[in-house]
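In the order they appear, the protein sequences are chains R and P. For the working numbering, add 1 to where a residue sits in the first sequence, where the first one is 1. For the working numbering, add 3 to where a residue sits in the second sequence, where the first one is 1.
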Amino acid sequence: KQEVTQIPAALSVPEGENLVLNCSFTDSAIYNLQWFRQDPGKGLTSLLLIQSSQREQTSGRLNASLDKSSGRSTLYIAASQPGDSATYLCAVYNSGGGADGLTFGKGTHLIIQP
Amino acid sequence: IAGITQAPTSQILAAGRRMTLRCTQDMRHNAMYWYRQDLGLGLRLIHYSNTAGTTGKGEVPDGYSVSRANTDDFPLTLASAVPSQTSVYFCASSPTSGNTDTQYFGPGTRLTVL
Numbered sequence: 002k003q004e005v006t007q008i009p010a011a012l013s014v015p016e017g018e019n020l021v022l023n024c025s026f027t028d029s030a031i032y033n034l035q036w037f038r039q040d041p042g043k044g045l046t047s048l049l050l051i052q053s054s055q056r057e058q059t060s061g062r063l064n065a066s067l068d069k070s071s072g073r074s075t076l077y078i079a080a081s082q083p084g085d086s087a088t089y090l091c092a093v094y095n096s097g098g099g100a101d102g103l104t105f106g107k108g109t110h111l112i113i114q115p
Numbered sequence: 004i005a006g007i008t009q010a011p012t013s014q015i016l017a018a019g020r021r022m023t024l025r026c027t028q029d030m031r032h033n034a035m036y037w038y039r040q041d042l043g044l045g046l047r048l049i050h051y052s053n054t055a056g057t058t059g060k061g062e063v064p065d066g067y068s069v070s071r072a073n074t075d076d077f078p079l080t081l082a083s084a085v086p087s088q089t090s091v092y093f094c095a096s097s098p099t100s101g102n103t104d105t106q107y108f109g110p111g112t113r114l115t116v117l
């Protein structure tokens with residue numbers, strides 16, 4: 002059974018810092034890995050999707066990397082802003098059979114201090 | 004463009020009652036999903052549908068049923084609600100079965116079973 006772990010569970014940093022969120026998964030047989038953002042009381046917003054054949058994806062100040070063989074992904078946020086405060090979720094889409102859906106980590110709760 | 008709508012926004016339900024959570028998307032996506040989000044457990048897949056007329060079980064399907072009579076709608080039914088089904092329920096969709104596509108999430112339904 003796929004398990005996704007996110008470290009740290011919570012992070013508080015001053016505005017302007019660059020930061021890295023970590024995600025690991027136990028089964029490397031994945032189609033893709035996705036990073037989402039969730040604001041309090043809201044649904045999930047997709048940030049980046051990395052296909053299993055890709056190494057990284059970039060969108061604005063966000064950069065996500067994928068090392069499928071080691072079961073790791075990182076989300077790099079450059080020049081953090083208070084508006085980046087949210088919970089960030091990592092999820093993988095498995096290719097090894099079973100249900101067709103995402104397996105999620107429990108998230109990293111990020112606070113950017115003004 | 005509305006994307007994904009869910010109804011109701013929130014509901015308090017007596018144990019033993021039947022309840023249907025509604026989900027509608029206007030993006031003509033083939034695949035749809037239901038997840039539940041619980042504190043400390045993260046999001047878990049309940050049921051999914053890769054295309055109209057087909058459904059499948061996710062990680063936590065017991066006590067829930069779904070139908071997919073058409074492309075746009077994917078209702079989730081609790082036949083006889085129990086307190087452990089208290090959760091926030093998210094509906095999601097993707098253009099295809101998700102192994103290459105981003106999943107788009109609705110705003111969620113907060114359900115409390117007493």
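Just so you know, even glycine gets a beta-carbon here, dropped at the ideal spot from N, CA and C.
Out of curiosity, what's the CA-to-CA distance linking residue i and residue j?
i, j, result
"V21 (chain R)", "D85 (chain R)", "13 Å"
"P83 (chain R)", "I113 (chain R)", "5 Å"
"Q58 (chain R)", "A82 (chain P)", "42 Å"
"T58 (chain P)", "T46 (chain R)", "24 Å"
"G61 (chain R)", "F37 (chain R)", "15 Å"
"G42 (chain R)", "R47 (chain P)", "17 Å"
"P11 (chain P)", "R113 (chain P)", "8 Å"
Could you name the residues that DSSP lists as bridge partners for residue i?
i, result
"S25 (chain R)", "R:T6 and R:R73"
"G113 (chain R)", "Just to set this straight, residue 113 (chain R) is Ile in the shown sequence, not Gly. Note: I113 (chain R) sits in a beta bridge opposite R:V14."
"M22 (chain P)", "P:L81"
"T8 (chain P)", "P:T27"
"Q58 (chain R)", "R:A65"
How should residue i be labelled, buried or exposed, when 16 other C-beta atoms within 10 angstroms of its C-beta is the threshold for buried?
i, result
"R20 (chain P)", "exposed"
"D101 (chain R)", "buried"
"G17 (chain R)", "exposed"
"I15 (chain P)", "exposed"
"D29 (chain P)", "exposed"
"G43 (chain P)", "exposed"
"A65 (chain R)", "buried"
"L117 (chain P)", "exposed"
Grab me the residues of residue i's own chain with a C-beta within less than 6 Å of its C-beta, minus the 5 sequence neighbours each way, in chain order.
i, result
"Q23 (chain R)", "It should be pointed out that residue 23 (chain R) corresponds to Asn in this sequence rather than to Gln. Within the same chain, N23 (chain R) has close Cβ partners I8 and T75."
Give me, in chain order, the residues of the same chain whose beta-carbon lies closer than 7 Å to that of residue i; leave out the 5 immediate sequence neighbours on both sides.
i, result
"G56 (chain P)", "R71"
"H32 (chain P)", "S96, S97 and P98"
"T27 (chain R)", "Q3, E4 and G72"
"S29 (chain R)", "K69, S70 and G72"
"I31 (chain R)", "S53, K69, V93, Y94, N95 and S96"
Report all residues from its chain with a CB closer than 8 Å to the CB of residue i; omit the five preceding and five following residues, and keep chain order.
i, result
"G6 (chain P)", "Q28, D29, M30, Y107 and G109"
Helix, strand or coil for residue i, going by three-state DSSP, please let me know.
i, result
"D41 (chain P)", "strand"
"Q88 (chain P)", "helix"
"D85 (chain R)", "helix"
"G59 (chain P)", "strand"
"T74 (chain P)", "coil"
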